[in-house]
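One structure is given here, and the rest of the page talks about it.
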């Protein structure tokens, strides 16, 4: 994760724009592999609300792409070990290798899709020891249908990423130069 303020704006140059980025590459499994990767770019506008810069309102947006890849060629169930002519993968609703190739033009089941998130946060300095942050964010503003699916399903809404709303608050309380307390609530 990278984040940096890049441009001070406004009459007194107290407001600023920041940019950032995130890259995650998660691999799960040994024989049957599920890989989830995403690359997101972020931008935020920080608006100072008072002359002492004690209250700042931040509006942020994040956008990028997410890729999910499922490799099932080594997927085997007990019955298939006893009778290799069986193909249990099809019976439980997984795309066959041929269906995956037809859907994606690749050798593995792959789902690529864009993703956008939006957030708003208020940061307030209460005194020299205490700061309050309250915010809300929503994820998956672009909601695609079956393109997210790696398994067959007649109900295309079951394969959609749900729109999520997250609310958070944090109080930063500085006890002394070495210690501080940060009670946080998420919903």
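Residue numbers (this note's numbering): 30 to 216.
No residue lacks a Cβ here, since even glycine has one placed at the ideal position from N, Cα and C.
Own chain, CB closer than 8 Å to residue i, minus 5 neighbours either side, in chain order
i           : result
residue 216 : 195, 196, 197
The ligand NAP heavy atom lying under 7 Å from the CB of residue i
i           : result
residue 193 : What this structure holds is no ligand at all, so the ligand NAP is not there to describe.
Alpha-carbon spacing of residue i relative to residue j, whole angstroms
i           : j           : result
residue 45  : residue 74  : 6 Å
residue 170 : residue 90  : 11 Å
residue 41  : residue 210 : 33 Å
residue 59  : residue 99  : 12 Å
residue 205 : residue 43  : 28 Å
residue 121 : residue 191 : Residue placement at residue 121 is flagged as unreliable, the pLDDT there being 48, under the threshold of 50; the coordinate-derived value follows with that caveat. Each residue's Cα considered, the two are about 24 Å apart.
residue 143 : residue 92  : 7 Å
residue 34  : residue 94  : 23 Å
Bridge partner(s) assigned by DSSP for residue i
i           : result
residue 71  : 49, 91
residue 190 : Paired residue(s): none; residue 190 is not in a bridge.
residue 145 : 92
residue 154 : 160
residue 66  : 54, 96
residue 84  : 153
Residue from the options whose Cα sits closest to the Cα of residue i
i           : options         : result
residue 77  : 37, 193, 59     : 37
residue 166 : 87, 156, 63, 49 : 87
residue 163 : 202, 143, 213   : 213
residue 149 : 143, 168, 156   : 168
residue 49  : 39, 72, 68      : 72
residue 193 : 145, 208, 153   : 145
Close beta carbons around residue i, own chain, < 6 Å, minus the five adjacent residues each side
i           : result
residue 96  : 66, 141
residue 63  : 57, 99
residue 151 : 86, 163
Chain-order list of residues whose beta-carbon lies under 7 Å from that of residue i (same chain, five-residue window excluded)
i           : result
residue 158 : 202, 203
Are the segment 50-57 and the segment 75-82 touching, with three or more C-beta to C-beta distances below 8 Å? These segments do not touch.
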